[in-house]
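Accompanying notes for the structure given below.
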Amino acid sequence: MRDIRETEEMVKRHLRGLYPAEDANPKDRTLADALAAMRQAMPQPEPLSREIGRGLAKSTSARLAAGVAAVLLIVAIAARVSRPVWALEKTIAALQKYRGCNMTLLIGPNVLYDFWAKAEPSGELSGDVTLRGTNGSVIWVKDNKTYYFDHGSNTVEVDDAKTAGFQPWLGPELFRLIAKAEDAGTAYAKDPASGRELVLMTGSMLTVAGHISWSVEFDRETKLPVALKEWENPRRSGAPAVSAVRITYYQELPKDALKVDVPSGAIYRQKPVVLPDGNLERMNNPDQGMSAEGMTRAEAARRILEQAHQAIMAGDLASIRRLCPLTMPWSDEMLRAFLVHDEEDGKRLAQITEIGGIVREGYNRVGPFVVVPVRLKTRDGKLWDQKHIVQFRLIGGRESCVVYGPYGMTSEVK
Amino acid sequence: MWMIEDRALVWRFNRGDSGAMRRIYEKHRISLMRVAAALLRDRSFVEDVIHDVFVSFAQTAGRFQLSGSLKAYLSVCVANRARDVNRSQSQRETQCADELDPPTERPDPETQTMSQEMSAAIDNALAGLPEEQREVVVLHLQCELPFRRIAELRGVSVNTATSRYRYGVEKLRTAVNGSYQHA
């Protein structure tokens, strides 16, 4: 005879068996419908976590990340031809010696951030970063991880990648890219308060996330950029999404500039990888991607990343577009300029050194996705680490996958 | 720890953070599916119940107030919705008994480790419990809700909730022992 406790255990086992975790497969529409219902219910659609993260995650510099190494996707720039603009060479020369900066950033309508950043030793990429918001939030990058501290809930969400900062670094590469904007314009002005002579440079470009436009103020004497603004439209209309209202440069950052004090008891947890809805819509084209039938997700991810990088090395633009749907709107010229690179260019991809195993998995309305690290070597002999998102989908009952793009920024292997 | 995470999630959810909604969904959906499967007379409605509960919950974004645990709240929502579905099914059954689908058979690895007879005995015994006893048993054993919390959520005294549980488990024990002896 079984006693009450045994009976309870048997009933628990029975209940667990009604829906074992690995078998439970609720309707795909449930989460999508819940998210849609949530969006409709919210009086203001701007969520806090986006607000604190968007400034750098979506900043001009972050969007320019594709210029470095063989980052698959981030930026589309309208043309390669440089126009006669403000003497950026002098700015580039002036910036060479600085490895750190401090900015006052206004992100969204309300939140000011004190932003400190230092470059990686190569001077091409952003390294450690700290942002302290007037709302109590803190964002920092350390050891290729990004931490988002939310003051209200005393929680820290951790991204296993560098998702805040500049790529390229606020230096030569960034301004070379900015100079290539097709509609680059220059104006001269004088600040009546300080008497300082300024040069205002404007431009716009098409990124995978849509059009952005900017204005950058240069001090005419020092040649250094002293303020910048970015809009999420091509016309610089409305309020900027991000404004750097003051920029100071350092050869070495002050001690403790990057130090972060998180209150004791803060809860750390992994930050979910959320892909923008607009991009997800482009992941479902049955004519793109690679069949994943008969393969594990790890095998399929490895194979499609191999194929995509081989296509980059070979300059096979059709295969790049087929495997990486977000590159579809790019012209041939843009793909060659910012992904493939010229034969002689040191940034041209030379070798896929290593493709690792799955480090993260997730699920969105298209299907499951995985994050896989890749190590690449460019012609100049440098090694780069990237993480890539491979999106799986089920179309017509058959599983296939596409390369979504990088998860976080590229890091140079020291 | 889990409750603290839920509070943070609800805080973010109320600010329209879709990542929080995803996390809530992924964290609780399986447990809620088990609750629905245990309470529904026809398990083909499990996914509909889960869908309705999550969509209704999402519609409260920006004004949702959590008192107690989120799991408890969502579990009771599922129990309420399952009760509604069972009632509407009963009415349909009365109106057109021939049109009803047969109950869904759901063999699975875990129940297969129990004897099929035993599993069927528990299933039948659960299904045979009065609705209020079945709810208390499922909410307590599957969702680990304390009787005090179940009593609050159901608007009954703690003694009533405890009694319902005790009667329910006794009946289940009888069914399990019957099956055991039979085996």
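Chains A and B, in that order, give the protein sequences.
Using my numbering, you'd call the opening residue of the first sequence number 178 and step up by one each time.
Using my numbering, you'd call the opening residue of the second sequence number 609 and step up by one each time.
Every residue gets a Cβ at the ideal spot worked out from N, C-alpha and C, and that includes glycine.
- Interface annotation, A690(B): not in contact with chain A, CB-CB separation never under 8 Å.
- With distances taken between CA atoms, R630(B) lies nearest to A214(A) out of A214(A), E301(A), H191(A), R525(A).
- The segment 504-516 of chain A makes no contact with the segment 531-550 of chain A: fewer than 3 CB pairs, one atom from each, lie closer than 8 Å.
- Out of G415(A), F352(A), H388(A), S371(A), the CA that lies nearest to the CA of L401(A) is found in F352(A).
- In this structure, the beta-carbon distance from P583(A) to Q563(A) falls below 8 Å.
- Taking R542(A) as the centre and dropping the five residues before and after it, the same chain places the C-beta of A209 closer than 6 Å to its C-beta, in chain order.
- A contact is defined here as three or more CB-CB pairs under 8 Å, and the segment 323-336 of chain A fails this definition with respect to the segment 294-302 of chain A.
- As for any alpha helix (DSSP H) of minimum length 4 sitting wholly inside the segment 609-661 of chain B, the runs are 610-621, 626-647, ordered along the chain.
- For the C-beta of G329(A), the chain B residues within less than 7 Å are, from N- to C-terminus, W619.
- With contacts defined as CB atoms closer than 8 Å, E589(A) and S299(A) qualify as a contacting pair.
- Look at the segment 501-565 of chain A and you find these whole runs of beta strand (DSSP E), each 3 residues long or longer: 526-532, 537-540, 545-555.
- The C-beta distance from F755(B) to T207(A) rounds to 30 Å, too long to meet the 8 Å contact threshold.
- Against chain B, a Cβ distance below 8 Å from V451(A) picks out S626, G627, R630.
- Burial check for V536(A): the Cβ neighbour count within 10 Å stays below 16, so the residue is exposed.
- L780(B) has a beta carbon lying within less than 8 Å of a beta carbon in chain A.
- Closer than 7 Å at the C-beta level to chain A, one finds these residues of the segment 747-772 of chain B: L749, Q750.
- Beta-carbon to beta-carbon, A690(B) and L648(B) are separated by about 5 Å, close enough to satisfy the 8 Å threshold.
- The beta carbon of Y324(A) is closer than 6 Å to those of W317, V333, V335 in its chain, skipping five residues each way along the sequence.
- Per the C-alpha coordinates, the member of A370(A), A477(A), T425(A) positioned closest to G466(A) is A477(A).
- Listed by position along chain B, the residues whose Cβ is nearer than 7 Å to that of E483(A) form an empty set, because the closest Cβ is around 30 Å away.
- Below the 9 Å Cβ cutoff, chain B contributes L749, Q750 as neighbours of K189(A), in chain order.
- Contact check for L375(A) against S392(A) fails: the beta carbons are separated by 8 Å or more.
- Here N287(A) is exposed, its C-beta having fewer than 16 other C-beta atoms within 10 Å.
- At the C-beta level, A783(B) and A733(B) come within 8 Å of one another.
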